[in-house]
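Residue numbers (the working numbering): 15 to 152.
Working notes, beginning with the structure itself.
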């Protein structure tokens, strides 16, 4: 079976496999598969698991991601995402993705609280400046 290249990119690292024989992912229209020689293709991957097979072994490797962009061109599939996990164990990779999403949600809640507190403090100080400033024309 013919192979194609798969490049996985996030802000901290890049993984390249040149022996991929199939890739299965999901976008807003549902699941899709890619084989070597596929036409040019671009889609937004949704939260969840994708999987691929290589010519080196008979097993499936799972790719967990929160979301990402997948392009296929010149027999190369490229996935760009904020972060991804690779594992051959579906349950373990699902737990890793779930944990990462929970941590990011907690970080986002904390950032919103900090932004709210900063806004409140700025408004309080502006109000105080307005009260202490001498009025013009008096």
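Note that the Cβ used here is the ideal one computed from N, Cα and C, for glycine as well.
Keep in mind it's a predicted model, so treat the numbers as computed, not measured.
Chain C within 8 angstroms of residue i, Cβ atoms only
| i | result |
| --- | --- |
| residue 67 | Among the chains of the structure shown, chain C does not appear; only one protein chain is present. |
Other residues of its chain near residue i: CB distance less than 7 angstroms, five sequence neighbours each side excluded
| i | result |
| --- | --- |
| residue 69 | 15, 17, 33 and 35 |
| residue 24 | 95, 96, 97 and 98 |
| residue 122 | none |
Identity of the residue in the options nearest residue i by Cα
| i | options | result |
| --- | --- | --- |
| residue 86 | 54, 50, 19 and 116 | 54 |
| residue 108 | 52, 128, 65 and 51 | 65 |
| residue 44 | 62, 27, 135 and 143 | 62 |
C-beta contact flag for residue i and residue j at 8 angstroms
| i | j | result |
| --- | --- | --- |
| residue 75 | residue 104 | no |
| residue 58 | residue 41 | yes |
| residue 51 | residue 37 | no |
| residue 39 | residue 84 | yes |
Other residues of its chain near residue i: CB distance less than 6 angstroms, five sequence neighbours each side excluded
| i | result |
| --- | --- |
| residue 79 | 95 and 98 |
| residue 110 | 99 |
| residue 130 | none |
Contact set for residue i: own chain, Cβ-Cβ below 8 angstroms, skip 5 residues either direction
| i | result |
| --- | --- |
| residue 19 | 30, 31, 32, 34, 89, 90 and 91 |
| residue 28 | 21 and 22 |
| residue 137 | none |
| residue 82 | 58, 59, 93, 94, 95, 96 and 98 |
In chain order, what are the residue ranges of uninterrupted beta strand (DSSP E) at least 3 long that sit wholly in the region 20-70? 28-41, 44-48, 55-59 and 62-68
What are the start and end residues of each continuous beta strand (DSSP E) run of 3 or more residues lying completely inside the region 67-120, in chain order? 74-79, 82-87, 90-94 and 98-101
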